[in-house]
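Enquirer: Residue numbers (this note's numbering), protein chains in the order written: chain A, 121 to 895; chain B, 253 to 395.
Glycine included, each C-beta is placed from N, C-alpha and C at the ideal position.
Supplied in structure tokens, the structure appears directly below.
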Amino acid sequence: MSMNPRSDAQSVPGHLGPENPLDASGREPTQWQTLFYELPFIGMAISDPVNRCWVQVNQRLCDILGYTEEELVGRSWIDTTHPDDLPANLELLESLLGGSRDSFRMRKRFIRKDGKAVHTQVDVRAVRRHDGSVDRFLTTFEDITDRIRQETLLQEHARQLEAAQRIGRMGSWVMDVASRDIRWSAETFRIHGFPPGSPAPSLSDAMGMVHPDDRERVAQALEDAVRGTVCEVEYRMIRPGGEQRHLKLRAEPVLERGKPVRVEGTVQDVTELMQALLERDRLTAVLENTTDIVSMADPQGRVFYFNRAGYEVLGLDRGQPLDDVIRHVHPPWAARLVHEEGIPTAIREGRWLGETAVIGADGQEIPMSQLVMSHRNADGELEYLWTVLRDISDRKRIEQALSRSEQRYTLAARVGRSAAWEMWPLEGKASSDANLASLLGYELEDLGESLAAWMQTIPAEARAAVAEAMQPVIDGRTDTYQVEHPVLRKDGSRGWVRVRGQRVTPPGEEPLRIVGSSLDITDAVHAAEQLRQANQALEQRVAERTAQLLQANQELEAFSYTVSHDLKAPLRGIDGYSQLLVEDYAKHLDETGRQFVQRIRDGVRIMGDLIGDLLEYSRMERRDMVRDPVAVQTLVQQVLDGYESDLRQQGVCVDISLPNVTLALDPEGMAVVLRNLVGNAIKFSRERRPPRIAIGGELVDGRCRLWVRDNGIGFDMKYHDRVFAMFQRLHRAEEFSGTGVGLALVAKAVHRMGGRVWAQSAPGEGATFYLEFSA
Amino acid sequence: MNAAINVPPILLVEDNPMDLDLTLRAFSKKKFSNQVHVARDGEEALAFIHRWDSGETVPAVILLDINLPKVNGLEVLRQLKGHPVYRRIPVVVLTSSREDRDLKTAYDLGVNSYIEKPVSFSKFMEVAEQIELYWCVLNERPR
Numbered sequence: 121m122s123m124n125p126r127s128d129a130q131s132v133p134g135h136l137g138p139e140n141p142l143d144a145s146g147r148e149p150t151q152w153q154t155l156f157y158e159l160p161f162i163g164m165a166i167s168d169p170v171n172r173c174w175v176q177v178n179q180r181l182c183d184i185l186g187y188t189e190e191e192l193v194g195r196s197w198i199d200t201t202h203p204d205d206l207p208a209n210l211e212l213l214e215s216l217l218g219g220s221r222d223s224f225r226m227r228k229r230f231i232r233k234d235g236k237a238v239h240t241q242v243d244v245r246a247v248r249r250h251d252g253s254v255d256r257f258l259t260t261f262e263d264i265t266d267r268i269r270q271e272t273l274l275q276e277h278a279r280q281l282e283a284a285q286r287i288g289r290m291g292s293w294v295m296d297v298a299s300r301d302i303r304w305s306a307e308t309f310r311i312h313g314f315p316p317g318s319p320a321p322s323l324s325d326a327m328g329m330v331h332p333d334d335r336e337r338v339a340q341a342l343e344d345a346v347r348g349t350v351c352e353v354e355y356r357m358i359r360p361g362g363e364q365r366h367l368k369l370r371a372e373p374v375l376e377r378g379k380p381v382r383v384e385g386t387v388q389d390v391t392e393l394m395q396a397l398l399e400r401d402r403l404t405a406v407l408e409n410t411t412d413i414v415s416m417a418d419p420q421g422r423v424f425y426f427n428r429a430g431y432e433v434l435g436l437d438r439g440q441p442l443d444d445v446i447r448h449v450h451p452p453w454a455a456r457l458v459h460e461e462g463i464p465t466a467i468r469e470g471r472w473l474g475e476t477a478v479i480g481a482d483g484q485e486i487p488m489s490q491l492v493m494s495h496r497n498a499d500g501e502l503e504y505l506w507t508v509l510r511d512i513s514d515r516k517r518i519e520q521a522l523s524r525s526e527q528r529y530t531l532a533a534r535v536g537r538s539a540a541w542e543m544w545p546l547e548g549k550a551s552s553d554a555n556l557a558s559l560l561g562y563e564l565e566d567l568g569e570s571l572a573a574w575m576q577t578i579p580a581e582a583r584a585a586v587a588e589a590m591q592p593v594i595d596g597r598t599d600t601y602q603v604e605h606p607v608l609r610k611d612g613s614r615g616w617v618r619v620r621g622q623r624v625t626p627p628g629e630e631p632l633r634i635v636g637s638s639l640d641i642t643d644a645v646h647a648a649e650q651l652r653q654a655n656q657a658l659e660q661r662v663a664e665r666t667a668q669l670l671q672a673n674q675e676l677e678a679f680s681y682t683v684s685h686d687l688k689a690p691l692r693g694i695d696g697y698s699q700l701l702v703e704d705y706a707k708h709l710d711e712t713g714r715q716f717v718q719r720i721r722d723g724v725r726i727m728g729d730l731i732g733d734l735l736e737y738s739r740m741e742r743r744d745m746v747r748d749p750v751a752v753q754t755l756v757q758q759v760l761d762g763y764e765s766d767l768r769q770q771g772v773c774v775d776i777s778l779p780n781v782t783l784a785l786d787p788e789g790m791a792v793v794l795r796n797l798v799g800n801a802i803k804f805s806r807e808r809r810p811p812r813i814a815i816g817g818e819l820v821d822g823r824c825r826l827w828v829r830d831n832g833i834g835f836d837m838k839y840h841d842r843v844f845a846m847f848q849r850l851h852r853a854e855e856f857s858g859t860g861v862g863l864a865l866v867a868k869a870v871h872r873m874g875g876r877v878w879a880q881s882a883p884g885e886g887a888t889f890y891l892e893f894s895a
Numbered sequence: 253m254n255a256a257i258n259v260p261p262i263l264l265v266e267d268n269p270m271d272l273d274l275t276l277r278a279f280s281k282k283k284f285s286n287q288v289h290v291a292r293d294g295e296e297a298l299a300f301i302h303r304w305d306s307g308e309t310v311p312a313v314i315l316l317d318i319n320l321p322k323v324n325g326l327e328v329l330r331q332l333k334g335h336p337v338y339r340r341i342p343v344v345v346l347t348s349s350r351e352d353r354d355l356k357t358a359y360d361l362g363v364n365s366y367i368e369k370p371v372s373f374s375k376f377m378e379v380a381e382q383i384e385l386y387w388c389v390l391n392e393r394p395r
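Encoded structure:
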């Protein structure tokens, strides 16, 4: 809008003329001055310093304030000034009035006619009179609302950038190529551990903070950027406090006319990110290294991840599409279980745990414990499912082995007629395996778990004994008990069991629990009973036999009496009367008669010897043997003395070589032995010239061996055993007289004294008879 | 018959008639001066106690067989040796038995001598002679 200031001035008389604001000196404004005044860019006003009223305003000012010129002129500018800006404005005006300055510039707001605030920048200049007092204020107004808005916007952007940099841990920087001066953003300062707005560091200061090991790489990256290459480098930086951070630096050259003039860049603190990556790597490593199979699937069940164990166990190729293989992971029964129960349950309740199986690389089914879990996002939407599969082959094997072992044990126990049980006597409770019931002919349910019911299977008269056997364990005096007792089977028959129980609760702890076994010993008890009866019968028979033997012995003794009295008596008669016949009636007999009588007397003599020997043998069998000290040398000498005349008559050479020992023997028995052996030696060597008899002895290994050796006719060793038998003779009576009892008597006596007797001989080479006794 | 009166008798206890006869013949052959009384079993032997009580001469020696009818020789011995007076009469067991048990019992009961009868008659005569010499001549009788 174009206004004629003149006409305006004229329309407001008193405001122009000598008080023309452009001519404080009183001169008329020039043409260009007036034009300038009417420029539409700048608001202008002349105001009175005393009443603070506008004297003259241009159109631009009117536009800025939304008033007409008429409304403004004569009005105090204070009315339209924003109250908040007024004090500062007045203060500045005072400084003009006081003469301390001639002009000032300030930003102030006016309240437009429409009530809106308008930002302006005002330049006020004082027009002074000659005396220095202020005549008029000349003021220009610039509407800076847009500038303010843009400045605010700019500030907001800067603030946002800073916030973005701070939040993103990303700072920015600039480096001048020529001077290598650098500038840092607030966040860049922060990243480096300085408060924002600190003095800008030099490049060498900045490089000094780079970890020495990384410094060369960073310098190289910057140089590359200076030469025009976009660079990125990660490095460690040490903050002034010593804290180490991981930074990621990006540098971009800025070209002008094709040549780099500066390098702009960002720097990002990736320490936390690095740590997070590290964490993720660790978690991934766990997932990848666990022997459990881990997989993830989308809500439709499409698997998109298998860990290493999954690939290995299932024998999958890394390149194989997972969708393709997933159908073959489970055997059909397990796949059905997972899809019909596992996944729906996991989706519904969050997790499902079950036992499934997978088909391993070798095509074999592997039993698995499978966990399926669903993962939902913050909105509760199902994002994915994941599953963990653990190989439970070992557990299954152990379970199977355990089950087999238990079956085997139960079976073995049943075969062995034994049963395992446990009881809580103070609670009156008990339980057992099925074997106990079958042992008693009951069903397991018949017995129940009541100790009282169990006790009912024990006959009433035996219960007290069983309770008494258990009592020390219940009292804690012992840990184990054993008792054998009868049992009543369901069918009424009676059996026997051997019960062994052991306390398994430590003393003083509750509840008392006893574990034990019952063994069916019915057969053993019956067998023992039969054995006892058999023993009784046997003892009875032994007693009878002993009695019979005793009787036989007595009869034998009676027989010996008979022999000694009733047989010897008539023999004595025959001998006596034949003797009388010879003595008193010989003259009445002829030669033949006398020979007959002599034959009778020879027979009587032989028979007398025989009876005598038999009586001797019988006595040796039955008499009580004693153990008295027998001096061997002395006894041998006594025996030889008894044969003194025989030895002398036959000219026998006797050689004695005996140890000086005393043996504990029956003296009479030993005398009989030596008498017979020496007698035989004399008898069977009488043809020799000279007959020789050697009696010797030696101690061997705690035993005393004696021998009687002759150089007589000897005998064939095939008859060795016969020579010691009763009535056994190797020679005709007319060659060597004898009854055939002597050596049998020797053998009997030696055996009864606990010794041994044997002979060594050959026909024509003499004989040696050995005796051996413990010394 | 003064000699006969002065010489005390011998009591022979013997059941076997042949042994008895031979014994008497042996005595006779050896010309024993002693009168010989004979008891044919244990009862008869014990009956002599009454005869001695009534004044009959007590024998110088009693020759006692063991295996006797009615009362066994050892029982006769027991009663004799248990008698307050007649236990002093020497008793010689003259028997076929050399059984340890008999031997021991006889000595336990207090027999004065134990002699086995030899089968040989000539030896028996020697034995008879020795007995007579020892018990009737050498041995001093109790008074």
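Evaluate contact between the region 709-717 of chain A and the region 838-845 of chain A, counting only Cβ atoms and requiring at least three cross-stretch pairs below 8 angstroms.
Expert: no
Enquirer: Threshold first: 4 residues or longer. Then list the alpha helix (DSSP H) segments lying entirely within the region 434-467 of chain A, N to C.
Expert: 442-446 and 452-457
Enquirer: Which ranges does the alpha helix (DSSP H) cover as unbroken runs of at least 4 residues, wholly within the region 265-341 of chain A, from first to last along the chain?
Expert: 265-287, 306-311 and 323-328
Enquirer: Just checking: is the beta-carbon of B/SER374 within a distance shorter than 8 angstroms of some beta-carbon in chain A?
Expert: yes
Enquirer: Spell out whether any CB of chain A is found under 8 angstroms from the CB atom of B/SER348.
Expert: yes
Enquirer: To the nearest angstrom, report how far apart A/LEU651 and A/MET727 are at their CA atoms.
Expert: 53 angstroms
Enquirer: Looking at B/LEU272 and A/ARG692, is the spacing between their C-beta atoms short of 8 angstroms?
Expert: Not in contact: A/ARG692 and B/LEU272 (Cβ atoms no closer than 8 angstroms).
Enquirer: Looking only at C-alpha atoms, which of A/THR265, A/VAL297, A/PRO441 and A/ILE813 sits nearest to A/GLU376?
Expert: Selected option, being the one with the closest Cα: A/VAL297.
Enquirer: In terms of residue numbering, what span does the beta strand (DSSP E) encompassing A/ASP234 cover?
Expert: Taken as a continuous stretch (DSSP letters only), A/ASP234 belongs to no beta strand (DSSP E), as it is neither H nor E.
Enquirer: Would you tell me roughly how many angstroms separate the C-alpha atoms of A/ALA887 and B/GLN382, rounded to the nearest one?
Expert: 41 angstroms
Enquirer: Short of 8 angstroms in beta carbon distance, which residues of its chain neighbour A/THR600, apart from the five on each side in sequence? Order them along the chain.
Expert: Excluding sequence positions up to five before and after A/THR600, its CB lies within less than 8 angstroms of the CB of VAL593, ARG620, GLY621, GLN622 and ARG623, all in the same chain and listed in chain order.
Enquirer: Give the residues of chain A in contact with B/ARG277, contact being defined as C-beta atoms less than 8 angstroms apart.
Expert: GLY696 and LEU700
Enquirer: Does any CB atom of chain A fall closer than 8 angstroms to the CB of B/ASP352?
Expert: Closer than 8 angstroms: yes.
Enquirer: Here's a check: name, in chain order, each residue in its chain whose Cβ is nearer than 8 angstroms to the Cβ of A/MET745, leaving out the five neighbours to either side.
Expert: ASP786, GLY789, ARG872 and MET873
Enquirer: DSSP three-state call for A/ALA791: helix, strand or coil?
Expert: Helix at A/ALA791.
Enquirer: Please report how far the alpha carbon of A/PRO464 lies from the alpha carbon of A/TRP453, in whole angstroms.
Expert: 16 angstroms
Enquirer: Against A/ARG823, what residues of chain B qualify as contacts under a CB-to-CB distance less than 7 angstroms, listed in chain order?
Expert: Ordered by position in chain B, no residue passes the 7 angstroms Cβ test against A/ARG823, which lies about 29 angstroms from the chain.
Enquirer: Near A/PRO690, which residues of its chain fall below 6 angstroms by C-beta distance, leaving aside the five closest residues on each side in sequence?
Expert: none
Enquirer: Output yes or no for whether 8 angstroms exceeds the beta carbon distance between A/VAL346 and A/PRO373.
Expert: Using a Cβ distance threshold of 8 angstroms, A/VAL346 and A/PRO373 count as a contacting pair.
Enquirer: Report the rounded CA-to-CA distance for A/GLU649 versus A/TRP616, giving the unit in angstroms.
Expert: 12 angstroms
Enquirer: Just mark A/SER881 as buried or exposed, buried being the case when its beta carbon has 16 or more other beta carbons within 10 Å.
Expert: buried
Enquirer: Can you give me the start and stop residues for the beta strand (DSSP E) that A/ASP389 sits inside?
Expert: 379-389
Enquirer: Which residue wins for smallest C-alpha separation from A/GLU677, given the options B/GLU266, B/TYR338, B/ASP354 and B/ALA380?
Expert: Among B/GLU266, B/TYR338, B/ASP354 and B/ALA380, the Cα nearest to that of A/GLU677 is on B/ASP354.
Enquirer: Whose C-alpha, out of A/ARG195, A/VAL406, A/ARG249 and A/ASN209, is nearest the C-alpha of A/GLN241?
Expert: Considering only alpha carbons, the answer is A/ASN209.
Enquirer: Using DSSP with H/G/I as helix, E/B as strand and the rest coil, what is A/MET873?
Expert: coil
Enquirer: So, at 6 angstroms on beta carbons, what are the nonlocal neighbours of A/ASP222 in its own chain, with the 5 sequence-adjacent residues on each side left out?
Expert: ALA246
Enquirer: Where does A/ALA511 fall in DSSP's three states?
Expert: It should be pointed out that residue 511 of chain A corresponds to Asp in this sequence rather than to Ala. Here A/ASP511 sits in strand by DSSP.
Enquirer: Against chain A, does B/LYS283 count as a neighbour if the rule is that its beta carbon must be under 8 angstroms from one of theirs?
Expert: Not a single CB atom of chain A sits nearer than 8 angstroms to the CB of B/LYS283.
Enquirer: Please list, in chain order, all residues of the same chain as A/ILE184 whose beta carbon is under 7 angstroms from its beta carbon, the five residues on each side excluded.
Expert: GLY163, VAL238, THR240, PHE261 and ASP263
Enquirer: CA-CA distance, A/PRO141 and A/LEU281?
Expert: With a pLDDT of 48 at A/PRO141, under the threshold of 50, the predicted position of this residue should be treated as unreliable, and no value is reported.
Enquirer: In chain order, which beta strand (DSSP E) runs of at least 3 residues are fully inside the region 145-222 of chain A?
Expert: Listed in chain order, the complete beta strand (DSSP E) runs (minimum 3 residues) inside the region 145-222 of chain A are 163-167 and 174-177.
Enquirer: Less than 8 angstroms between CB atoms is the rule here; does B/LYS369 satisfy it with respect to chain A?
Expert: yes
Enquirer: Considering only their Cβ atoms, is the gap separating A/VAL254 from A/LEU217 smaller than 8 angstroms?
Expert: yes
Enquirer: Measuring only the C-alpha atoms, how far is A/ASP143 from A/CYS182?
Expert: Residue placement at A/ASP143 cannot be trusted, given a pLDDT of 47 that sits under 50; the coordinates are not used to answer.
Enquirer: I believe A/ASN796 touches A/GLY862 by the beta-carbon criterion, under 8 angstroms. Please report the beta-carbon distance rounded to the nearest angstrom.
Expert: 4 angstroms
Enquirer: Taking DSSP as the reference, what is the three-state secondary structure of B/ARG340?
Expert: In the three-state scheme derived from DSSP, where H, G and I count as helix and E and B as strand, B/ARG340 is classed as helix.
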